[in-house]
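Trainee: If you scroll down you'll find the structure; I have some questions about it.
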Amino acid sequence: DSSVGTIVGGNADADRNLIAGAGTDDLEVSRSTGVLVRNNYVGVSASGGLLSGLIARATGIFDHNDTQNFVTANTFDRNVIDGTAAGIIQGYGDGNTFTRNVIGLAPDGLTPLGNLFGFLIQNSNNNLVGGPTDSLGNRLDGNLIADNRFGNLQLDQASGNKIEGNYFGTDKSGARQFQVADNNSSV
195 DSSVGTIVGG NADADRNLIA GAGTDDLEVS RSTGVLVRNN YVGVSASGGL
245 LSGLIARATG IFDHNDTQNF VTANTFDRNV IDGTAAGIIQ GYGDGNTFTR
295 NVIGLAPDGL TPLGNLFGFL IQNSNNNLVG GPTDSLGNRL DGNLIADNRF
345 GNLQLDQASG NKIEGNYFGT DKSGARQFQV ADNNSSV
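Quick note on this note's numbering: the sequence shown kicks off at 195 and runs consecutively.
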C-alpha cells in the first residue's frame, strides 16, 4: 500500500516468491508507483504444479487503487498465476505494463492448470498488455493466457490500452487450443 519502487521477486529462480493461500488476493499492489513484480509463482508450487484447493481465492495479482489515486508505472513480468477466481485484475490504474506472464497454464506454457477468469482491466487506461513481435513474427513480450474457465481477457470501462503480441486460448506453441465455458475474450 502506497509503495514506490518496490521489487517483488527478481530475475533468478532463487528470487522467486511462492505466493498462495491468502484467502482473498494473493498479491495486492495498491496506491503504488514503480513497483516491479517479476518471476513469481502465484497459486503454483515450486515444481510448477497447481496447489490443491485454491480455486476459491479471489485474485492472484490485484493492481488497483480506490477511485482517484491511480496506480501508475508498475510492471508485472514473467509471473505464473493459476488456481484463482481471477488471474490478474487491473483496476483504476494507468500506464502499467504486463509482459510475459503465464495465466491459466503451468510454467511450461503447455500444461493446463486454470483460473476461473484470466485478466480483467477495469476503469484503467493506457496500460500495455504484451508487446510487439519482431521481424520474424516472434512474440517477445506477449503474455500466455489460456485455460481460464469463463474467459481470458475482459476490458470494462477502459480506453487507450494496448494489447499486442499475446497468446489467448492457446499453449505457447499456438497449436493447442483450450475451450472456455463462456467466451475467449470480452472486449
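Glycine included, C-beta positions come from ideal geometry on N, C-alpha and C.
Only a predicted model underlies this, so the values are computations on that prediction, with no experimental measurement involved.
1) Express the C-alpha separation of alanine 369 and glycine 363 in angstroms, rounding to a whole number.
2) Between isoleucine 339 and leucine 330, how many whole angstroms is the CB-CB distance? I'm expecting something under 8 Å.
3) Within 10 angstroms of its Cβ, does aspartate 335 collect 16 or more other Cβ (buried), or is it exposed?
4) Taking DSSP as the reference, what is the three-state secondary structure of alanine 240?
5) Going straight from the alpha carbon of isoleucine 275 to that of isoleucine 357, what length do you get?
6) Would you kindly report the start and end of the unbroken beta strand (DSSP E) that includes glutamine 373?
7) Compute the distance between the beta-carbons of leucine 245 and alanine 279, then report whether it is under 8 Å.
8) Do you know offhand how far phenylalanine 372's Cα is from alanine 352's?
9) Below 8 Å between beta carbons: does that hold for glycine 287 and asparagine 321?
10) Do valine 323 and glycine 345 count as a contact pair if the criterion is CB distance below 8 Å?
11) Report the residue from Lys366, Phe313 and Asn319 whose alpha carbon sits nearest the alpha carbon of asparagine 342.
12) Between the alpha carbons of leucine 299 and valine 198, how many angstroms are there, rounded?
13) Taking only beta-carbon atoms, is alanine 206 less than 8 Å away from chain B?
14) With DSSP as the reference, identify every bridge partner of valine 323, one or two as the case may be.
15) Please report how far the alpha carbon of valine 238 lies from the alpha carbon of glycine 203, in whole angstroms.
Mentor: With the structure as the only source:
1) One-based indexing of the sequence shown puts residue 363 at position 169. One-based indexing of the sequence shown puts residue 369 at position 175. Cα to Cα, the separation comes out at about 10 Å.
2) Counting from one through the sequence shown, the residue named residue 339 turns up at place 145. Counting from one through the sequence shown, the residue named residue 330 turns up at place 136. Their Cβ separation, rounded to whole angstroms, is 22 Å, which puts isoleucine 339 and leucine 330 out of contact at 8 Å.
3) As a position in the sequence shown, residue 335 is number 141, starting the count at 1. Per the 10 Å Cβ criterion, buried.
4) Taking the first residue of the sequence shown as position 1, residue 240 is located at position 46. Reduced to three states, the DSSP call for alanine 240 is coil.
5) Counted from its first residue, the sequence shown places residue 275 at position 81. Counted from its first residue, the sequence shown places residue 357 at position 163. Isoleucine 275 and isoleucine 357: Cα-Cα distance of roughly 19 Å.
6) The count along the sequence shown starts at 1 and reaches residue 373 at position 179. First-last for glutamine 373: undefined, no H or E at that position.
7) Counting from one through the sequence shown, the residue named residue 245 turns up at place 51. Counting from one through the sequence shown, the residue named residue 279 turns up at place 85. In this structure, alanine 279 does not lie closer than 8 Å to leucine 245 by Cβ.
8) By 1-based counting over the sequence shown, the position of residue 372 is 178. By 1-based counting over the sequence shown, the position of residue 352 is 158. Using only the alpha carbons, I get a separation of about 26 Å.
9) Counting from 1 along the sequence shown, the entry for residue 287 is found at position 93. Counting from 1 along the sequence shown, the entry for residue 321 is found at position 127. In contact: glycine 287 and asparagine 321 (Cβ atoms closer than 8 Å).
10) Locating residue 345 in the sequence shown gives position 151, where the first residue counts as 1. Locating residue 323 in the sequence shown gives position 129, where the first residue counts as 1. Going by C-beta atoms, glycine 345 is not nearer than 8 Å to valine 323.
11) Locating residue 342 in the sequence shown gives position 148, counting from the first residue. Out of Lys366, Phe313 and Asn319, Phe313 has the C-alpha closest to the C-alpha of asparagine 342.
12) Here residue 299 is taken as the residue at index 105 of the sequence shown, counted from 1. Here residue 198 is taken as the residue at index 4 of the sequence shown, counted from 1. The alpha-carbon atoms of leucine 299 and valine 198 are separated by roughly 30 Å.
13) No chain B appears in the structure shown, which is made up of a single protein chain.
14) On the sequence shown, position 129 is the one that residue 323 refers to. According to DSSP, valine 323 bridges with Phe292 and Ile357.
15) As a first step, residue 238 must be located in the sequence shown, where it is residue number 44. As a first step, residue 203 must be located in the sequence shown, where it is residue number 9. Cα to Cα, valine 238 sits roughly 15 Å from glycine 203.
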